[in-house]
Each structure stands twice: as C-alpha cells, then as structure tokens.
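**Q** Mind having a look at this structure? Questions to follow.
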DNA sequence: TACACGTGGAC
DNA sequence: TGTCCAAGTGT
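Residue numbers (the UniProt record's numbering): 1 to 362.
Here is the structure:
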C-alpha cells in the first residue's frame, strides 16, 4: 500500500516554482539581473506598456522610451504630444496620457521617487490593482498579490476552477494569495507570469515541463486545456466611414487631432465622417467634409480599395475619397507634408489609411 | 457591474 | 478569413 498522495503546501509550491524560475528565468530588458536592485521607473514603464500587450510588441517601445527619457523626470518634462507620438502603434492610448500624467505627479510631488506601497501606487493614474501590486513586489520586494491574466489561468488550472471568468476573479485571487510567499515576492510574481507565458499557455500547455505538473488538479482531471472558462462575449458589429484625403499645396495632407477622451483619444487622424453601421455615399459624406466646397481646387474622387481594421469591440471599414484644396486648415487641423507623416501620432488604423492613399491617390 | 478601449500574432 | 487573446484601467 502506498501512502495517499498529500497535496503540497503553499510554501512547497512556491519553492518549486522559484526553483524553476531560477533555472529558466527569461531575460527581459526591464528585468534586473539576479541579485541586483530593480529600477522602479523601468518596472513601472514596462508594466504599463505590458497591460493587455504582448512582450514582443513592448520590447522595441520600451527601448525607445528609455533611450529618449532615461528617468521619470525626463518623461515628465516632455510635451504630452511627443509621448503620444512615441506611443503610436502600441494601442490603448489612454495609457500614454496617464503615463505622462503619472510621471508629472511623481516628479512634482515626490521628487521623482515612486511610492513603494501598493495603496499609494494605486492612487496614481494608469496604475490599477495589478500594476500597483506588480510594482510593489518587483521594484520594492513587498509581498503583494499580483494577479494578471497569466495568474488567473495558472490558478484556474492548478486548482481546477471551472467557474467562468470574470465571475471567478475573486476566487482566483484568493487562491493566488495563499500561494504568494513573503520572501522573494517579486521573483515569485514574475515566475507565475513567466510560467503562464511560456508553459501554462492558453493553448497547448506544455505540462510535461511544468514544475507544478504533479500538483495540478486541472491536469489530473484532464481539463487543463479548457481552463479558464470564460463567459462568451458580445458579437462585434461593423462600422463604416469615409475618409477625406485632402491634398494641399506642396504635397501636404490634412490631418487633425482627435478629442482627448474616447477612442484613439488625443491621437492624430485623417479626417473622416462619423463611423456608423450604414455605408456612406460620396455626396452625403462630402456634405460634412472638413473643408468647405469653395476651398476645393478640384472634384472628389473615390479611391479603389477599402481599409479594414478591427478594434476590441467593433470592425471598421473605411473608404477613402481624395480632392485637392488650398488655404488654411480648419480648427484642430494641420497641413502635414507627406515626408513628415512618420513624425505624427498616427494610430495603426490611420497608418493603414495613409498606406492606401499613398498607393492609390498619386 | 459591464462596457469602452488597440494592436498584431497564432491557429 | 475569423476568432482568440495578451503582464488591465477607467468610468
């Protein structure tokens, strides 16, 4: 008779994972070398960039930001427009505005020193529950319960939690709290996230290599690949718009800045109609184009092709019309020379518009 | 609480 | 092509 298998203690599980982390730790640009102190500025910058964003997408942005703004005071001193421009392409642009605001608060009120307590970090713009815990643990070594999507997935599998997200969040956080050790809290937090990002991945988890394979209730039940369960999301509608590619003197094009709040807030755009369910007729769209018809120096022409883009909650289809014009740009607008388009804070959907226009309008 | 908020890679 | 989803936050 073999003794009944006893489930490992939380302490034993944490030690198992830390051992794996010491062997397999990924080298990432914001990560301090083993035994060295982390730089809170780098930890904060990386954590904000990593919100809902993959490591591969973040790495080049992280390097560019750090080179351009080596300290939080440098970032705070920059005009917000430059920060938006540097963030262009990374998405979730409210993060860039909040990043800049947070840098100013830390610089102006605290002499450039980040708070080390979770609760104080949580008060800063762009820092929520996850990021506050991550900074407290990784940058300052405090015991904090760090729960992101990786941790939720790993906990759901390790403890075979079948309740769907987001309802299961409190239970998963409670489970994560039991496992979080007092020592090496930062390493532990990064270890769980590394585990989720490499072995305990959403699809095809590599259970054979996992330090927790013998303790994993999800794997023992054969349901690891189905976890975590999620409540189905609403369908994405399609919206349509017509974009005005208005060519001014000296090979310039009309751009404007979007309002600070809402979709693509504070970013530059090629002017367009409202985005709605119905397609636009050219005549209808031109009636509310950003330049009065009197200033146009030629007829409108519809370009062949379509710009497709998918946001989190809707699909977008844009057609592009072009015309020549002269005169002063309208309010919020500017004439941008074609060779300076790359200097603008153009989000990816607008870069697709630029690409179509440059390939079809000239 | 539920929804708005980007993007690109994987399958 | 379509769907999923990634180190979430703000409202």
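No residue lacks a Cβ here, since even glycine has one placed at the ideal position from N, Cα and C.
Remember, it's a predicted structure, so these values are computed and weren't measured experimentally.
(1) Only counting the same chain, and skipping five residues up and downstream in sequence, which positions put a Cβ closer than 7 Å to that of residue 65?
(2) Helix, strand or coil, according to DSSP, for residue 267 in the structure here?
(3) According to DSSP, what are the bridge partners of residue 337?
(4) Could you please give the first and the last residue of the uninterrupted beta strand (DSSP E) stretch that includes residue 236?
(5) In chain order, what residues of the same chain have a beta carbon less than 6 Å from the beta carbon of residue 207, not counting five sequence neighbours either side?
(6) Once DSSP output is grouped into helix, strand and coil, what is the label at residue 118?
(7) I need the straight-line Cα distance from residue 225 to residue 177, nearest angstrom please.
(8) DSSP three-state label for residue 308, please.
(9) Beta-carbon within less than 7 Å of residue 110's beta-carbon, same chain only, minus the 5 sequence neighbours each way: which residues are those?
(10) Does the pairing of the stretch 61 to 79 with the stretch 131 to 149 give three or more beta-carbon distances under 8 Å?
(11) Which residue wins for smallest C-alpha separation from residue 266, given the options 246, 115, 96?
(12) Quick one: using the 10 Å Cβ neighbour count with 16 as the cut-off for buried, is residue 288 buried or exposed?
(13) What three-state label does DSSP hand residue 28 in the structure shown?
(14) Going by alpha carbons, who is nearest to residue 54 out of 91, 13, 70, 9?
(15) Pull up the DSSP beta-bridge partners for residue 272, would you.
(16) Using DSSP bridges, identify the partner residues of residue 322.
(17) Counting only the same chain and skipping the five closest in sequence on each side, list residues whose C-beta sits under 6 Å from that of residue 268.
**A** So, from the listed chains and residues:
(1) The residue labelled residue 65 in the question sits at position 65 within the first chain. Leaving aside the five residues that flank residue 65 on each side, the residues in its chain whose CB is nearer than 7 Å to its CB run, in chain order, 45, 86.
(2) Your numbering for residue 267 matches position 267 in the first chain. In the structure shown, residue 267 sits in coil (DSSP, three-state: anything other than H, G, I, E or B).
(3) What you label residue 337 is simply residue 337 of the first chain in a count that begins at 1. Paired residue(s): 252.
(4) Here residue 236 refers to the residue found at position 236 of the first chain. That residue, residue 236, is in no beta strand (DSSP E); it is neither H nor E in DSSP.
(5) Position 207 of the first chain holds residue 207. If we look at residue 207 and ignore the five residues flanking it on each side, its Cβ neighbours are 213, 219.
(6) Along the first chain, one-based indexing puts residue 118 at 118. Correct three-state label for residue 118: helix.
(7) Position 225 of the first chain, counted from the first residue, corresponds to residue 225. Position 177 of the first chain, counted from the first residue, corresponds to residue 177. The straight-line gap from Cα to Cα measures roughly 23 Å.
(8) Numbered from 1 along the first chain, position 308 holds the residue referred to as residue 308. The three-state secondary structure of residue 308, taken from DSSP, is strand.
(9) In the first chain, counting from the first residue as 1, residue 110 sits at position 110. Excluding sequence neighbours, residue 110 sits near nothing in its chain.
(10) In this structure the stretch 61 to 79 does not touch the stretch 131 to 149; the number of beta carbon pairs closer than 8 Å is below three.
(11) Locating residue 266 in the first chain gives position 266, counting from the first residue. Measuring from the Cα of residue 266, the nearest candidate turns out to be 96.
(12) Start at 1 with the first residue of the first chain, and residue 288 comes out as number 288. Exposed, because fewer than 16 other Cβ atoms sit within 10 Å of the Cβ of residue 288.
(13) Taking the first residue of the first chain as position 1, residue 28 is located at position 28. Coil at residue 28, not helix or strand.
(14) Counting from one through the first chain, the residue named residue 54 turns up at place 54. Ranking 91, 13, 70, 9 by Cα distance to residue 54 puts 91 first.
(15) Walking along the first chain from the start, residue 272 turns up at place 272. Paired residues: 243.
(16) Here residue 322 refers to the residue found at position 322 of the first chain. Residue pairing of residue 322 in beta bridges, as defined by DSSP: 245, 301.
(17) For the purposes of this step, residue 268 is identified with residue 268 of the first chain, where counting begins at 1. Non-local C-beta neighbours of residue 268 in its own chain, meaning closer than 6 Å and more than five positions away in sequence, comprise 255, 257, 344, 345, 346, ordered along the chain.
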